[in-house]
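Worksheet for the structure shown next.
Number of protein chains: 2
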Amino acid sequence: MKHIGIIGAGQLGQMLALAGTPLGYTFTFIDPSHQPCAAGLGHHIQAEYDDEAALEQLGIECDLVTFEFENVPALAIEYLKSFTTVHPNVQALETAQDRLNEKTFFRNHDIPVGEFAAVSSWEELQAAVANLGLPAVLKTRRFGYDGKGQRVLKTPDDIQIAWKELGGTPLILEAFIPFTREVSIIAVRSIHGEMAFYPLTENVHRDGILHRSIARPGDWMQAQAESHARKVMEALDYAGVMGFEFFQVEDRLLANEIAPRVHNSGHWTQNGAVTSQFENHLRAIDGLPLGNTNTLCHAGMLNFIGKLPDREQVLRIPGTHWHDYHKEPRSGRKVGHVNITAPTAPLLEERLAHVEALIEPA
Amino acid sequence: MKHIGIIGAGQLGQMLALAGTPLGYTFTFIDPSHQPCAAGLGHHIQAEYDDEAALEQLGIECDLVTFEFENVPALAIEYLKSFTTVHPNVQALETAQDRLNEKTFFRNHDIPVGEFAAVSSWEELQAAVANLGLPAVLKTRRFGYDGKGQRVLKTPDDIQIAWKELGGTPLILEAFIPFTREVSIIAVRSIHGEMAFYPLTENVHRDGILHRSIARPGDWMQAQAESHARKVMEALDYAGVMGFEFFQVEDRLLANEIAPRVHNSGHWTQNGAVTSQFENHLRAIDGLPLGNTNTLCHAGMLNFIGKLPDREQVLRIPGTHWHDYHKEPRSGRKVGHVNITAPTAPLLEERLAHVEALIEPA
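Written as structure tokens, this is what we have:
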């Protein structure tokens, strides 16, 4: 029976522990928060992510360590590695946590990606805009998530405003991509190199935060997404679940970003797939055979942002599966989600619409 | 967000907590063991089940209390009721924890049951054997589970041996039932009277302990089982999941026993049904709408008795779902189970056979 360490004790840590307990694992979390939501499911070390004593304790306590978010300091992982095994690896982490590294990595591996340019000065920004044109999106290279740290530039006036807000940290300017769909693939690779892919997921974001996902088994873009994900995982010698987001433009997928962890757009797998992404992440990093990634039925997910809707009303709708992160309500915060399953696609759409009507605007 | 108390912190408590955490519940367990397997998923009060101070603490801490085994002292429940709400009720508990009460209850409610007789003396035993004939089964009225506290009487010589072993406590003699199948139904009724029934499960016991279960959606005995379960739940004003075991003889189901709790023969619902029995138990006692009880695929379960087989080998078989109770190996002890799912019935049989071959005899 192995003891697994998780860096971060948010909802992803919570759901990893819920999936891992039946597999025989026990868990220790490191998280600076007072009562993070996964804390009740294992041992919680309350410490900053760069606290060496805490990392040493985690490393000594655990046979294997993973993380639930990509902004873990790479140095923390390097330090941990002298005590225990860590997956995914530092290379994956460093690729994912810097948008410029990430986009450059895609380009170097012949994965289609939109135009982009590094921006570290006002002059570079002006040159990049001249080159890429408007609209474009100015983003911080690091620490961005859920739409944070980015500004859309539509008119020349926006350029200076965005620079005032974001200038001073390393930035990237990305050409605006007139996409027809946002899709993602949840891929998994074990330490032995075994790979598996979930069906493509169609995503809708609102204010930069994922709003809803629907699994699309048999989608015509599946092979393309798998090919890109396979290439990335092999190049990084990756172990674990990886979320890979794309913009679809005509018949091509343009790489947006990878997350070296379980991913919000894969939450539907908890109730709609033979094996959840959380279970497969643990199987992958511990070298167990991967579980089947097929769907069991039509499945989708809606995020609860800011606060939960009425639980009883939601559960009155057939095929709804409630996932409460045990967090205090707060504007813009992911506090839970509902997975929705149905025997047919139209019924799934109907149920999704029904639940959406119960969610008050954030 | 409610705090739920569970009397007993064994594997059923563990699986209730795993199912209930996403619903937003937190848990407190009362259990005399030092490190019972559910303890890591909530607050553990280490105390005997009749410890009034501990029960008071549980009652004050929890909005709602339930139990994971039927040998809870009825007085403990009565005591708890002055502090909080408890489901299922004392009437259900007292009916289920005494085989004579239980069988009499079935008879009084026109639910077919095998012949039986109360036995409290050697004379009564002899009279009962004369009346029911041999073979027959002598059982303690209370505290029996997993084949414990019972002896099969085949020859007249067995009678005295069994009496020496079991005499002195209240007993029941049951006519031996030449059944063609053992089946069970997992039924659920909410505090509002809403009811739902899972598909009939076909069970095989070994040495009195459940060995394997297979869900049989569409079985021709489904309506009969539902009718009996409905009658029992309504008569007891029951709230929660109830496991109801039957012997099938020709085209009739004879009631064997009810368990006023989640039941081993319903473990397949964790991976094979839209909603698991654990989630539905919590929904029922908290008055939430019940979840759909349909199967998602063909599903079955194998218990791990005494020790776990090799996890990696089992997980290499497609459709296997590992459930480790985090218990020390011990002869005759349930230490885990595997749920097996498959898209077709023959494939399920094949996978079950494959896993069975990996389980060493206990």
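Sequences listed follow chains D and P, in order.
All the letters of the first sequence, read from the start, carry residue numbers 72 to 433 under our numbering.
All the letters of the second sequence, read from the start, carry residue numbers 72 to 433 under our numbering.
Glycine is no exception: its CB is placed at the ideal position from the N, C-alpha and C atoms.
Remember, predicted model here, so these are calculated numbers, not experimental data.
Asked	Found
What does a CB cutoff of less than 7 Å around Ala-88/D pick up in its chain, not counting 5 residues either side in sequence?	Phe-98, Ala-109, Leu-112, Gly-113
Quick check for students: name the residue ranges of the beta strand (DSSP E) that lie wholly in the stretch 146 to 208 of chain P, counting only runs of 3 or more.	187 to 190
Write down the C-beta distance between Glu-173/P and Tyr-150/P rounded to the nearest angstrom, noting that I regard them as a contact closer than 8 Å.	Glu-173/P to Tyr-150/P, Cβ: 23 Å. No contact.
Which same chain residues, not among the five before or five after Leu-423/P, have their C-beta less than 6 Å away from its C-beta?	Gly-371, Ile-411
Tell me whether the beta-carbon of Ser-336/D lies closer than 8 Å to the beta-carbon of Thr-272/D.	yes
Counting contacts by CB-CB distance shorter than 8 Å, is Thr-137/D in contact with chain P?	no
What did DSSP end up calling Asp-395/P once you bin it into helix, strand or coil?	strand
Go through its chain and collect everything with a Cβ distance to Gly-84/P's Cβ below 7 Å, but skip five positions before and after it.	Ile-77, Phe-100, Ala-109, Glu-139
Could you tell me whether any Cβ in chain P is nearer than 8 Å to the Cβ of Asp-322/D?	no
So, are the CB atoms of Lys-405/P and Gln-168/P less than 8 Å apart?	no
Check each residue of the stretch 326 to 351 of chain D: if its Cβ is closer than 7 Å to any Cβ of chain P, include it; give the result in chain order.	Val-345
Compare the Cα-Cα distances from Glu-350/P to each of Thr-391/D, Asp-322/D, Phe-315/D and report the closest residue.	Thr-391/D
If you measure between the beta carbons of Gly-220/P and Lys-235/P, is that distance less than 8 Å?	no
From the DSSP output, in three-state form, read off Phe-349/P for me.	helix
What is the DSSP secondary structure of Ile-131/P, counted as helix, strand or coil?	helix
Mind listing which residues of the stretch 227 to 240 of chain P have their C-beta closer than 7 Å to chain D's C-betas, in chain order?	none
Check the Cβ of Arg-387/D against every Cβ in chain P and list those closer than 8 Å, keeping chain order.	Pro-360
What are the start and end residues of the beta strand (DSSP E) that includes Lys-235/P?	That residue, Lys-235/P, is in no beta strand (DSSP E); its alpha helix (DSSP H) goes 227 to 237.
My parser needs the beta strand (DSSP E) runs of 3 or more residues fully inside the stretch 76 to 126 of chain P; what are they?	97 to 101, 114 to 116
Is there a Cβ from chain D that is less than 8 Å from the Cβ of Thr-92/P?	yes
Please identify, using Cβ separations under 8 Å, the residues of the stretch 106 to 139 of chain D that lie next to chain P, in order along the chain.	Gly-111, Leu-112, Gly-113
Taking the continuous alpha helix (DSSP H) assigned at Gly-343/D, which residues delimit it?	340 to 343
Based on the DSSP output, what are the partners of Gly-405/D in its beta bridges?	Reading off the sequence shown, one finds Lys at residue 405/D, where the question assumed Gly. Lys-405/D is bridged to Ile-376/D.
What first and last residue would you give for the beta strand (DSSP E) that runs through Arg-332/D?	Careful: Arg-332/D lies outside any beta strand (DSSP E) and carries neither H nor E.
Rounded to the nearest angstrom, how far is the Cβ of Gly-358/P from that of Val-345/P, given a contact under 8 Å?	Not quite, the Cβ-Cβ distance comes to about 20 Å (not below 8 Å), so this is no contact.
Are Phe-315/P and Leu-325/P closer than 8 Å when you measure CB to CB?	no
Just how far apart, CA to CA, sit Val-303/D and Glu-141/P?	53 Å
So who's on the other strand from Ala-326/P, going by DSSP bridges?	Val-184/P, Phe-317/P
Please state whether DSSP places Met-266/D in a helix, a strand or coil.	strand
State the DSSP-derived secondary structure class of Glu-253/P, mapped to helix, strand or coil.	strand
Between the stretch 259 to 272 of chain D and the stretch 306 to 313 of chain D, do three or more beta carbon pairs fall short of 8 Å?	yes
Does the Cβ of Lys-398/D have 16 or more other Cβ atoms within 10 Å, making it buried, or fewer, making it exposed?	buried
Per DSSP, which one or two residues make a beta bridge with Arg-260/D?	Met-266/D, Gly-311/D
For Gly-390/P, would you say it is in contact with chain D, using Cβ-to-Cβ distances shorter than 8 Å as the test?	yes
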